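In this text, residue positions in the sequence shown follow my numbering: the first is 1, and each later residue adds one. Down below is the structure, laid out as structure tokens.
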Amino acid sequence: MEKDVGILGLYGMGGIGKTTILKQINKKLLEKKEDEFGVVIFVVVSQNLQVGKIQNEISERLGLCDMAWEKKTQKEKASRIYDVLRRTRFVMLLDDIWRKVDIEDEIGIPLPSPENGSKVVFTTRSKYVCGRMGPHDVEVKQLDPENAWELFRQKVRGLPLALNVIGETMTCKTTVREWQWAIDVLNTNAAKYSEVEDEILKVLKLSYDDLKDETVQECFQYCALFPEDNKIEKDVLVEYWISEGIINGGGDKERATNQGAGLHQMPQVRDWKAVRRMSLANNEIKNISISPVCPNLTTLLLAYNNLVNISGEFFLSMPNLVILDLCSNKNLTKLPEEVSSLVSLRYLDLSRTRLENLPVGFGKLIQLRYLDLSDVQTLQSISVVSSLVNIEILLLDQTTFVSLELIEDIKLLENLKGLGDLSWLIFAVNLTFVLVHGPSPELQEIVSREKVSCKLNKGSSIEPFRKLHTIHLSCLTELKSIYWERLELPSLKRVIIKHCPKLKKLPFNKERAYYFDLHVEKPEWFERLEWEDEATEE
């Protein structure tokens, strides 16, 4: 860029390669930023422009993220970003802008000038947007058709993304009939996607139709629930599929997806009865007071909103809901008791909320197999969890308890400042994964012999953790025991133990440790462990 060019826009149709160009610019600048620029920042803007999200990504690159940052308003964040960036020579790369953005007032990015030497480069599909953002723009044109093979030149219209998709789809096609089928599909769909902007859809349709397995197609369609350009956590997506029954071959092809775009309240839906899956994640919804009748709703994603209140009536007519994601609603302090009516629920994510208690009737959710309470710093008790007989995965990473009620007929542990023990886990017969991440200075035993004996009838016995395949314990400075005696653990495949200095014994012998994936912080710690079978150690 010339010295007098401060803001440059790259425009062109979807799939033409604008993002790839911007990523290459980012890569090249990062390789030599020490010589030219103080900081280089790449941010995806997207059609659903969220100023707060953009500010947070910039703040991460500038090292501004802390507890104080989260409490700031957008205006205060813009002022802080401006104050930092005006002191350095920067490059800001903004990908996929759909409307004019006042980068200084809205986001806090200082306007570049020849004096400060900073640069802003953005991409957009619209030449009109380029014109409103600044006087300098460059069109990213289609590839020269003479450099492409005839089939690709005619059917793909010079789009690099389409070339990749068709290449991957057709690489295993070896018969004339298969290639003729591909040509027919592209020609047939041309009528459906008449606009040049949608040329890529014809090619993606070819790739989609080539997914012969209906289960794979349904998994692909499920991804439409996630906001544009957001990262999809693989493990979370798989858990959704399992909870919906898709992975096991089940699943209806019927779809009704409603993905929000900067919503501040619940959308108006003409026919709630037709809705099968709904994503309203990454919006700014604060209150839900409606009472829709949703007999077919199976998935509801409300993560990353500003929820403060959810009326009880909202959950009363969702008998088939199996997935409910409320994570990262940092102002949500309680759930209505009516959530206990969701008797089909199998997946529930309440992580990064400010819940103080779980509903009294929570134990009615007997189908629940996945419960995420990670990073809930305000939770008082989880005693009702002991009634969840089908729970398989319970995540308590960075969760702090003011008190813990072991089971209904045990008194609250006194003076408990952190997690005291997890003895009730012994009754979760379907548990497959346990992750406990401190600090929890009061936790000395995962399962207490004394606490368990209080619950068991005289003469009765139990074989715990038969299905457990992963144990992950970290930053538990006072932990001394996992279990008081050796366990069979027939399904155990992985053990991760880090920063647990007082843990001297594991619930299996040393010989068994070589049969699964064992990760420890330091080899010396492993060598100092005490084993029941000393002969094996020798």
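The beta carbon of each residue, even a glycine, is placed where N, CA and C say it ideally should be. None of these values were measured; they are calculated from a predicted model.
What separation, rounded to the nearest whole angstrom, lies between the Cα atoms of Glu239 and Asp375?
Here residue 239 is taken as the residue at index 239 of the sequence shown, counted from 1. Here residue 375 is taken as the residue at index 375 of the sequence shown, counted from 1. Each residue's alpha carbon lies about 19 angstroms from the other.
Could you tell me whether the Cβ atoms of Leu302 and Leu280 are closer together than 9 angstroms?
As a working note, residue 302 is residue 302 in the sequence shown. As a working note, residue 280 is residue 280 in the sequence shown. For Leu302 and Leu280, yes; Cβs fall inside 9 angstroms.
Grab me the residues of Thr470's own chain with a C-beta within less than 6 angstroms of its C-beta, minus the 5 sequence neighbours each way, in chain order.
Residue mapping note: residue 470 aligns to position 470 of the sequence shown, counting from 1. These residues qualify, in order along the chain: Phe433, Arg494.
In the DSSP assignment, what residue or residues form a beta bridge with Ile309?
Along the sequence shown, read from residue 1 onward, the residue named residue 309 stands at position 309. The sequence given here has Asn at residue 309, not Ile. According to DSSP, Asn309 shares a beta bridge with Asn287.
State yes or no: is the C-beta of Leu394 within less than 9 angstroms of the C-beta of Leu365?
Taking the sequence shown and counting its residues from 1, one reaches residue 394 at position 394. Taking the sequence shown and counting its residues from 1, one reaches residue 365 at position 365. It is not a contact, given that the beta carbons lie outside the stated cut-off.
Residues in the same chain with beta-carbon distance under 8 angstroms from Pro490, minus the five sequence neighbours each way, listed in chain order, please.
If you number the sequence shown from 1, residue 490 lands on position 490. Once the five neighbours on either side are set aside, the close Cβ partners of Pro490 are Arg466.
Cβ neighbours of Arg354 in the same chain (closer than 7 angstroms, five flanking residues each side left out)
Start at 1 with the first residue of the sequence shown, and residue 354 comes out as number 354. Excluding residues within five positions, the ones whose Cβ falls inside 7 angstroms are Lys330, Asn331, Leu332, Thr333, Thr378.
Are the beta-carbon atoms belonging to Glu284 and Asn305 less than 9 angstroms from one another?
As a first step, residue 284 is located in the sequence shown; it is residue number 284 there, counting from the start. As a first step, residue 305 is located in the sequence shown; it is residue number 305 there, counting from the start. Yes, the Cβ-Cβ distance between Glu284 and Asn305 is below 9 angstroms.
Measuring alpha carbon to alpha carbon, tell me which of Arg352, Phe362, Pro336 ends up nearest Arg346.
Position 346 of the sequence shown, counted from the start, is the residue given in the question as residue 346. Looking at the Cα atoms, Phe362 is the closest of the given residues.
Would Asn282 and Gln50 be called neighbours here (beta carbons separated by less than 9 angstroms)?
Position 282 of the sequence shown, counted from the first residue, corresponds to residue 282. Position 50 of the sequence shown, counted from the first residue, corresponds to residue 50. With a cutoff of 9 angstroms on beta-carbon distance, Asn282 and Gln50 are scored as near each other.
Buried versus exposed call for Asp252 [16 or more other C-beta atoms within 10 Å across all chains shown]
What you label residue 252 is simply residue 252 of the sequence shown in a count that begins at 1. Low confidence applies here, because Asp252 scores a pLDDT of 31, under 50, leaving its location unreliable; read the following figure in that light. Exposed is the call here.
For the beta strand (DSSP E) that contains Lys364, what are its first and last residues?
Locating residue 364 in the sequence shown gives position 364, counting from the first residue. Where Lys364 is concerned, there is no enclosing beta strand (DSSP E), given that its DSSP letter is neither H nor E.
Is Asn56 helix, strand or coil when you go by DSSP?
In the sequence shown, the residue the question calls residue 56 occupies position 56. Helix at Asn56.
Only counting the same chain, and skipping five residues up and downstream in sequence, which positions put a Cβ closer than 8 angstroms to that of Ser59?
Position 59 of the sequence shown, counted from the start, is the residue given in the question as residue 59. Once the five neighbours on either side are set aside, the close Cβ partners of Ser59 are Cys65, Trp69, Lys77, Arg80, Ile81.
If you follow the alpha helix (DSSP H) that Leu29 is part of, which residue opens it and which one closes it?
Numbered from 1 along the sequence shown, position 29 holds the residue referred to as residue 29. If you look at Leu29, you'll find it in the alpha helix (DSSP H) that goes 18–31.
Can you tell which of Pro114, Val101, His437 has the C-alpha that lies nearest to the C-alpha of Val45?
Sequence index remark: in the sequence shown, residue 45 carries index 45 (1-based). Val45 has its Cα closest to that of Val101, out of Pro114, Val101, His437.
Would you report the Cα separation of Thr19 and Thr123, rounded to the nearest angstrom?
Against the sequence shown, residue 19 aligns to sequence position 19. Against the sequence shown, residue 123 aligns to sequence position 123. The C-alpha of Thr19 lies about 7 angstroms from the C-alpha of Thr123.
Boundaries of the alpha helix (DSSP H) in which Phe526 is found, first to last residue:
As a position in the sequence shown, residue 526 is number 526, starting the count at 1. Bounds of the alpha helix (DSSP H) holding Phe526 are 523–527.
Residue interval of the alpha helix (DSSP H) (run including Met278)
Numbered from its first residue, the sequence shown carries residue 278 at position 278. Not the alpha helix (DSSP H): Met278 falls in the beta strand (DSSP E), residues 277–279.
Spatial neighbours of Ile497 within its chain, please: CB distance less than 6 angstroms, with the 5 preceding and 5 following residues excluded, ordered by chain position.
Position 497 of the sequence shown, counted from the start, is the residue given in the question as residue 497. Taking C-beta separations shorter than 6 angstroms and ignoring five residues to either side along the sequence, the partners of Ile497 in its chain run Leu473, Val520, following chain order.
Measure from the alpha carbon of Met133 to the alpha carbon of each residue in Ile97, Pro439, Leu529, Phe526, then state which is nearest.
What you label residue 133 is simply residue 133 of the sequence shown in a count that begins at 1. Scanning Ile97, Pro439, Leu529, Phe526 for the CA closest to the CA of Met133 turns up Ile97.
If you run the structure through DSSP and keep just helix, strand and coil, what is Gly117?
To locate residue 117, count along the sequence shown from 1; it is residue 117. Three-state result, Gly117: coil.
In angstroms, rounded to a whole number, what distance separates the CA positions of Pro110 and Gln221?
The residue labelled residue 110 in the question sits at position 110 within the sequence shown. The residue labelled residue 221 in the question sits at position 221 within the sequence shown. Roughly 41 angstroms separates the two Cα atoms.
Test item: CB-CB of Leu307 and Arg277 under 9 angstroms:
What you label residue 307 is simply residue 307 of the sequence shown in a count that begins at 1. What you label residue 277 is simply residue 277 of the sequence shown in a count that begins at 1. Here Leu307 is not near Arg277, since their CB atoms are 9 angstroms or more apart.
Return helix, strand or coil for Ser383, following the three-state DSSP convention.
As a position in the sequence shown, residue 383 is number 383, starting the count at 1. Three-state result, Ser383: helix.
Along the chain, where does the beta strand (DSSP E) containing Tyr347 start, and where does it finish?
Within the sequence shown, residue 347 is the residue found at index 347, counting from 1. It spans 347–349 - the beta strand (DSSP E) in which Tyr347 sits, taken as one unbroken run.
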